[in-house]
Amino acid sequence: MQLFDQHHLFNTGQDKTTVFDLPDAVVRLREQLFDKPAADRLFEALLADTPWKQEEISVYNKTYLTPRLTAWFGDAGTEYVFSGIRHRPYHWTPGLLHVKEKVEAEAGQAFNSVLVNLYRDGRDGVGWHRDNEKEFGENPVIASVSFGDSRMFQLRHKFRKELPKVNIPLHHGSFLLMAGATQHQWEHQVPKSAKPHGPRINLTFRLVKY
């Protein structure tokens, strides 16, 4: 699998867009949708103002705390169920609406909800999964932005086990888009890490179909 690098005409040296040449998927990374001053401000505001919650999940009749903190924001009626947890949305904040506007312009897609995740350190993560819940429609578009410490984002094909795993480091202010059949054919995760990591906030914007 090769990568196709597509530079924006007015990018700085730190901002680059990469379109990943993956079968059965549309995956695009922009390394700096938000410059460092803006990303710093948003990280601090989100860290302080988000009503963080550590959810419980049940696996084989055992209950565990999820290894991350989350909050769900969106328009009225944008509830969805993930890992047995029903997410009811908080009202949009001005800061999140600002991020949403930039993300929609970059993605070319409107969104009505966002899952905000806080990975407190390297012990936090999320395992292999697909965002293919029926609430997101046939071929969901998922747009992700990251603030704070860099973490590795991984993709693997659900059915073609011979394909190599894809590693994408997501840095402060970066933007990642997944579209097309990605959520049906590929799984993704943010693995836990034994290396020291500071806090990272990730926002995944979605369109819930009523």
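Heads up: the sequence shown at position 111 corresponds to 111 in the UniProt record's numbering, and the numbers run straight through without jumps.
Even for Gly, the Cβ is constructed at its ideal location relative to N, Cα and C.
The structure displayed is predicted, hence computed values, not measured ones.
Among the options, nearest to residue i - alpha-carbon criterion
i    : options                : result
I201 : V26, R160, T18, R41    : R41
L207 : L163, F175, Q185, K134 : K134
K102 : A71, D35, D24          : D35
F136 : G180, P196, S193       : G180
K16  : R156, L33, P51, A71    : L33
S150 : N61, G77, K195         : K195
L22  : D75, H197, K209, R156  : R156
8 angstroms contact criterion, which residue i and residue j should meet: CB distance rounded
i    : j    : result
L176 : V114 : Incorrect: roughly 14 angstroms between the Cβ atoms, too far for contact.
Q14  : E31  : 7 angstroms
R123 : K192 : 6 angstroms
M178 : N167 : The Cβ separation is near 15 angstroms, so there is no contact.
P51  : A71  : 5 angstroms
L118 : P199 : 6 angstroms
F73  : V116 : 7 angstroms
T93  : D49  : 7 angstroms
Q154 : H188 : 6 angstroms
Assigned exposure category for residue i - 16 Cβ within 10 Å defines buried
i    : result
V27  : buried
V59  : exposed
R159 : Residue identity check: residue 159 is Phe in the sequence provided, not Arg. Exposed: under 16 other Cβ atoms inside 10 Å.
V131 : The displayed chain sequence assigns Asp, not Val, to residue 131. Under this definition D131 is a buried residue.
Y64  : exposed
E162 : exposed
K100 : buried
R68  : buried
N112 : buried
V190 : buried
H129 : exposed
Helix, strand or coil at residue i [DSSP, three-state]
i           : result
A25         : coil
G13         : Residue placement at G13 is flagged as unreliable, the pLDDT there being 45, under the threshold of 50; the coordinate-derived value follows with that caveat. It is coil, neither helix nor strand.
E31         : coil
residue 215 : What is shown of the chain runs 1 to 210, which leaves residue 215 out entirely.
Q183        : helix
A38         : helix
A105        : helix
K165        : coil
H188        : strand
H98         : helix
K158        : coil
F136        : helix
F43         : helix
A110        : coil
G198        : coil
A71         : strand
A76         : coil
- Message: Can you confirm whether the stretch 143-151 touches the stretch 172-192 when touching is taken to mean that 3 or more C-beta pairs between the two stretches lie within less than 8 angstroms?
- Response: yes
The stretch 44-56 contacting the stretch 178-188, beta-carbon criterion three pairs below 8 angstroms:
no
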